[in-house]
Amino acid sequence: MGSHVITLDPQVPPGPLEMKWDRRRFSGHLVSPANKRRIKIIVVGTGLAGASAASTLGQLGYQVECFCFHDSPRRAHSIAAQGGINAAKNYQDDGDSVARLFYDTIKGGDFRSREANVYRLAQISTQIIDQCVALGVPFAREYGGQLANRSFGGVQVSRTFYCRGQTGQQLLLGAYSALCWQIERGQVTMRPRTEMLDVIVVDGHARGIVVRDLVTGRLSAHTAHAVVLATGGYSNVYYLSTNASGCNVTATYRAWKQGAAFANPSFTQIHPTAIPPVGVHQAKLTLMSESLRNDGRLWVPVSPSDRRPPNEIPPSERDYFLERRYPRFGNLVPRDVASRAVKAICDEGRGVGPGGQGVYLDFSDVIRQQGIDVVRERYGNLFEMYERITGENAYEVPMRIYPAPHYTMGGLWVDYNLMSTIPGLFVIGEANFADHGANRLGASSLMQGLADGYFILPYTIGHYLATVHSPPIPEDHRASRAALERVEVRLKKLVQAKGRQRTAASFHRALGKILWDYCGMSRCAAGLRRALEAIPSLREEFWRDVVVPGSGEAFNQELEYAGRVADFLEFAELMCHDALHREESCGAHFREEYQTEEGEPRRDDEQFAYVAAWEYREGETPVLHKEPLNFEFVQPTARSYQ
Amino acid sequence: MKFTLRIWRQRGPNERGGFVTYPVDDVSSDMSFLEMLDALNQRLIVAGEDPVAFEHDCREGICGSCSLVIDGVPHGPDRGVTTCQLYMRRFVDGATITIEPWRAKAFPIIKDLVVDRRALDRIMQAGGYISVNTGGAVDANTLLIGKEEAETAMDAASCIGCGACVAACKNASAMLFVAAKVSHLALLPQGKPERTRRVMAMVRAMEREGFGSCGNQYECEAVCPKQISVRFIALLNREYLRASLTETRLSTRSDSSHGESY
Numbered sequence: 021m022g023s024h025v026i027t028l029d030p031q032v033p034p035g036p037l038e039m040k041w042d043r044r045r046f047s048g049h050l051v052s053p054a055n056k057r058r059i060k061i062i063v064v065g066t067g068l069a070g071a072s073a074a075s076t077l078g079q080l081g082y083q084v085e086c087f088c089f090h091d092s093p094r095r096a097h098s099i100a101a102q103g104g105i106n107a108a109k110n111y112q113d114d115g116d117s118v119a120r121l122f123y124d125t126i127k128g129g130d131f132r133s134r135e136a137n138v139y140r141l142a143q144i145s146t147q148i149i150d151q152c153v154a155l156g157v158p159f160a161r162e163y164g165g166q167l168a169n170r171s172f173g174g175v176q177v178s179r180t181f182y183c184r185g186q187t188g189q190q191l192l193l194g195a196y197s198a199l200c201w202q203i204e205r206g207q208v209t210m211r212p213r214t215e216m217l218d219v220i221v222v223d224g225h226a227r228g229i230v231v232r233d234l235v236t237g238r239l240s241a242h243t244a245h246a247v248v249l250a251t252g253g254y255s256n257v258y259y260l261s262t263n264a265s266g267c268n269v270t271a272t273y274r275a276w277k278q279g280a281a282f283a284n285p286s287f288t289q290i291h292p293t294a295i296p297p298v299g300v301h302q303a304k305l306t307l308m309s310e311s312l313r314n315d316g317r318l319w320v321p322v323s324p325s326d327r328r329p330p331n332e333i334p335p336s337e338r339d340y341f342l343e344r345r346y347p348r349f350g351n352l353v354p355r356d357v358a359s360r361a362v363k364a365i366c367d368e369g370r371g372v373g374p375g376g377q378g379v380y381l382d383f384s385d386v387i388r389q390q391g392i393d394v395v396r397e398r399y400g401n402l403f404e405m406y407e408r409i410t411g412e413n414a415y416e417v418p419m420r421i422y423p424a425p426h427y428t429m430g431g432l433w434v435d436y437n438l439m440s441t442i443p444g445l446f447v448i449g450e451a452n453f454a455d456h457g458a459n460r461l462g463a464s465s466l467m468q469g470l471a472d473g474y475f476i477l478p479y480t481i482g483h484y485l486a487t488v489h490s491p492p493i494p495e496d497h498r499a500s501r502a503a504l505e506r507v508e509v510r511l512k513k514l515v516q517a518k519g520r521q522r523t524a525a526s527f528h529r530a531l532g533k534i535l536w537d538y539c540g541m542s543r544c545a546a547g548l549r550r551a552l553e554a555i556p557s558l559r560e561e562f563w564r565d566v567v568v569p570g571s572g573e574a575f576n577q578e579l580e581y582a583g584r585v586a587d588f589l590e591f592a593e594l595m596c597h598d599a600l601h602r603e604e605s606c607g608a609h610f611r612e613e614y615q616t617e618e619g620e621p622r623r624d625d626e627q628f629a630y631v632a633a634w635e636y637r638e639g640e641t642p643v644l645h646k647e648p649l650n651f652e653f654v655q656p657t658a659r660s661y662q
Numbered sequence: 036m037k038f039t040l041r042i043w044r045q046r047g048p049n050e051r052g053g054f055v056t057y058p059v060d061d062v063s064s065d066m067s068f069l070e071m072l073d074a075l076n077q078r079l080i081v082a083g084e085d086p087v088a089f090e091h092d093c094r095e096g097i098c099g100s101c102s103l104v105i106d107g108v109p110h111g112p113d114r115g116v117t118t119c120q121l122y123m124r125r126f127v128d129g130a131t132i133t134i135e136p137w138r139a140k141a142f143p144i145i146k147d148l149v150v151d152r153r154a155l156d157r158i159m160q161a162g163g164y165i166s167v168n169t170g171g172a173v174d175a176n177t178l179l180i181g182k183e184e185a186e187t188a189m190d191a192a193s194c195i196g197c198g199a200c201v202a203a204c205k206n207a208s209a210m211l212f213v214a215a216k217v218s219h220l221a222l223l224p225q226g227k228p229e230r231t232r233r234v235m236a237m238v239r240a241m242e243r244e245g246f247g248s249c250g251n252q253y254e255c256e257a258v259c260p261k262q263i264s265v266r267f268i269a270l271l272n273r274e275y276l277r278a279s280l281t282e283t284r285l286s287t288r289s290d291s292s293h294g295e296s297y
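Residue numbers (our numbering), protein chains in the order written: chain A, 21 to 662; chain B, 36 to 297.
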């Protein structure tokens, strides 16, 4: 949209940090109950953020139309989060507080997030646990009946609430059940197996979406007073990741093309503990929860040539490299730090297992000290999953783990009210960029998704709706027709017969390799430039050679997939531009040129203490806009875990 | 490894389906079952044929998308796993493997191995929730819940809604699915106020959707990837009986459809 001018006004309320959210809630206008009934809101996505938002908006009395591409809203990938959810409850009385959760999250994000947002997240965290318990989430309990906690990386208190290794599942089922209630009440109309393919912008405001019915292939426009995207992250741009196969960037990417700024796209989290890949047939990487690092110790043999089975290597000939390099946090350093350390070890040729791509995660000490039953109770399902995939019993031999793309801190830019640069387009959960800076701490994504959906968006969207004038628009408005046409043209191009025959998956795999090599765990200018040359030519080949069987007017999984790959092939370039321009190392973004002699990242607050928000320009290089990050309450320091 | 796959192909809900045989070779024992199907589909696409439609998403056994009947058994020969967690090392080299969709009246086929499971969502919408508003919840530690109780509720709550229990049952009954949800909420104090209404509404919805009745054969438990126990069906029956008595009593007193716990 050439006419759209991007301005980044973060809309942070003035005053002390503790008062900002209260002030916003009080200063915000309200929509009267009678008017809510006449207002329609579209919610796209039914993960933690989408389901909690849709159900809460329905409960408030809005008419909600909710979309997901799965057969059921319960299947969104939040369901696979294993470890837990953070909250500053301080039930353990171990020194936790809202201020400490705030500080840990800001520091964990390497001082690249907005203070006011993070503080609000820490404040709301306690309410989330209360809400989830009220909905029947069966959190782990102590014998006395109180809630249990565990520890996670990057912190020194125990504040993580959990349901065995299935916390995401239980939280999502809680939000899904709330959504079911609102569907039953007629407040929410649920449209499963429907994929969003474009945004409808009328007079500069988001007023609807274009969707494809995945069963019939029919395209349709849906209009509303506001649109909420809760469409998750884009780790699948790397082809192999811990994400579900359906996860994609399409919704946020197409919103970007309509004028929503994309923030920090290169901030992608590579999780340290996934099961190492074994072959080209591999379709995904399986995560082993970070909670395992509570009790498991990472090590490799001191000598690279040591090929003895792990149990025969005496302790003196093992290098517990995280404990050695980071004595204060040991195995519980944040994810980015752990992943880089694992990569460094493997790059030195000291990795274990096939191809030297792996390090040991060893439970023998805790088994000896606390007994196998304790370990089984804590992690039983993870050990089973590990054995099924690798055929090895981790109670007897150490697990082997290797980093895998897992979560994306980058996302559509939003202000304090979670609204993007397109008025009326709100973005929540992993799909936005807001709270995790350059690195997310474990057990914080569930917290953020639910904070956005249950507690923040329902307030802030009300203020927007109360103050905006939205004249009714017909579903065949010219903006709708234009959006429909954009979608149609692209789909037609995909199913056209091609000369050569190459599958979308083979292009996706090739793209993933480019990104993993040049825009993965460590990046350098030369590599990123190489990627920026390779991606456009791969994309050209894709449009020339990709073969998509069948037609667009039917159930066609390959067409859905090819469309997502096509978007990844464009989006990858944006990631590389962002990574190239940021000439510093911060959080998950590690630039080889900017490191200390010990190999620790060197951040540059003088030049890069800002959010990089990119604007789409057709046929041109994306344009950079900067939102400066002002630290009024914490002093950015070197982020040391040593 | 090499296999002969007999796969159910069906173009649409109202078309006639049938088995088509595909030889596959170059299968690695480290491949998952779905990765083997991915490889077959890549071959079919390049050959200009229609790939086999099947559902999958998380590929780690938790989303409940994957849904194949493998040699007559939902989710295949291993206990306590979903299809996506099944690895080819489990099969004998050279075997013929038959792959079918979930078969139940309440799960119409969309294409090939993909079925419509919205009936399960509609059962949940009938009452599978605690109706509390967002905001205003009391502090989470106000409710003390014994560890045993919480663990048992979690056992029931771990249902992934895949529908294997229905596919395994000769009556296509959804009793284990309904039992898991009813039990999860009935075991927790938060779920008690609505337990009467919930069980009645969910059982009625189940019947309305065309699921059969329970024949106590326990195939459902045998194929459940989360190994949810049939003891929860007993608990469901108890809840249902209790609710039937309570509801009768209530209806003589008032017209309230939202029966409270007595």
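Every residue gets a Cβ at the ideal spot worked out from N, C-alpha and C, and that includes glycine.
By the neighbour-count definition (other C-beta atoms within 10 Å, threshold 16), P569 (chain A) is a buried residue. Secondary structure note for K363 (chain A): its alpha helix (DSSP H) is the uninterrupted segment 355-367. Approximately 6 Å separates the beta-carbon atoms of P297 (chain A) and L260 (chain A); this is inside 8 Å, confirming the contact. Under the Cβ criterion of 8 Å, M66 (chain B) is counted among the residues facing chain A. The region 114-132 of chain B and the region 56-70 of chain B touch, with three or more beta-carbon pairs separated by less than 8 Å.
Residues of the region 178-190 of chain A whose Cβ lies closer than 9 Å to any Cβ of chain B, in chain order: F181, C183, R184, Q186, G188, Q189, Q190. The C-beta distance from D156 (chain B) to S92 (chain A) rounds to 5 Å, short enough to meet the 8 Å contact threshold. Straight-line spacing of the CA atoms in V654 (chain A) and A207 (chain B) works out to 60 Å.
Just measuring C-alpha positions, the residue of B:D61, B:L40, B:G196, B:D73 sitting nearest Q302 (chain A) is B:D73. L644 (chain A) is a Cβ neighbour of H601 (chain A), given a cutoff of 8 Å.
Against S166 (chain B), the close residues of chain A are W201, in the order they occur along the chain (beta-carbon pairs closer than 8 Å). The three-state reading of DSSP puts P648 (chain A) in strand, counting E and B together.
DSSP, reduced to helix, strand and coil, places A175 (chain B) within a helical segment of the structure shown.
Residue contact with chain A for L75 (chain B): absent (no Cβ-Cβ distance below 8 Å to any residue of chain A). The three-state secondary structure of D587 (chain A), taken from DSSP, is helix.
Excluding sequence positions up to five before and after G115 (chain B), its CB lies within less than 7 Å of the CB of P260, Q262, all in the same chain and listed in chain order.
Annotated three-state conformation of A546 (chain A) is helix, per DSSP. Around the Cβ of Q662 (chain A), a 10 Å sphere holds fewer than 16 other Cβ atoms; the residue is exposed.
Annotation for H426 (chain A): no alpha helix (DSSP H) segment contains it, though the beta strand (DSSP E) segment containing it runs 419-428. For N251 (chain B), no chain A residue has a Cβ inside 8 Å of its Cβ, as the nearest lies near 27 Å away. By alpha-carbon distance to A96 (chain A), the top candidate from A:V138, A:S145, A:G266 is A:G266. In the three-state scheme derived from DSSP, where H, G and I count as helix and E and B as strand, M210 (chain A) is classed as strand. Using a Cβ distance threshold of 8 Å, G378 (chain A) and L179 (chain B) do not count as a contacting pair. For A294 (chain A), there is no enclosing alpha helix (DSSP H); the enclosing beta strand (DSSP E) has its first and last residue at 288-294.
Closer than 7 Å at the C-beta level to chain A, one finds these residues of the region 180-208 of chain B: I180, G181, K182, A185, A188, M189, A192, S193, G196. Exclusion of the five residues before and after P33 (chain A) leaves K40, R43, R44 as the residues of its chain whose Cβ lies within less than 6 Å of its Cβ.
Here the alpha carbons of L280 (chain B) and A209 (chain B) stand approximately 23 Å from one another. Around the Cβ of D113 (chain A), a 10 Å sphere holds fewer than 16 other Cβ atoms; the residue is exposed.
In this structure, F38 (chain B) places its C-beta atom within 8 Å of the C-beta atom of A130 (chain B).
In this structure the region 440-457 of chain A does not lie against the region 323-341 of chain A, because fewer than three pairs of beta carbons, one per stretch, are closer than 8 Å. If you ignore the 5 residues before and after V150 (chain B), its C-beta comes within less than 6 Å of the C-beta of P136, W137, F142, I144, all in its own chain and listed in chain order.
Cα atoms of I203 (chain A) and E397 (chain A): separation of roughly 37 Å, rounded to the nearest angstrom.
As for any beta strand (DSSP E) of minimum length 3 sitting wholly inside the region 52-117 of chain A, the runs are 60-64, 83-87, ordered along the chain. Counting only residues of its own chain and dropping the five nearest sequence neighbours on each side, R543 (chain A) has a CB closer than 6 Å to the CB of A599, R611. When the Cα atoms are used, S193 (chain B) and L307 (chain A) turn out to be separated by approximately 19 Å. In terms of Cβ geometry, Y636 (chain A) and K277 (chain A) form a close pair [threshold 8 Å].
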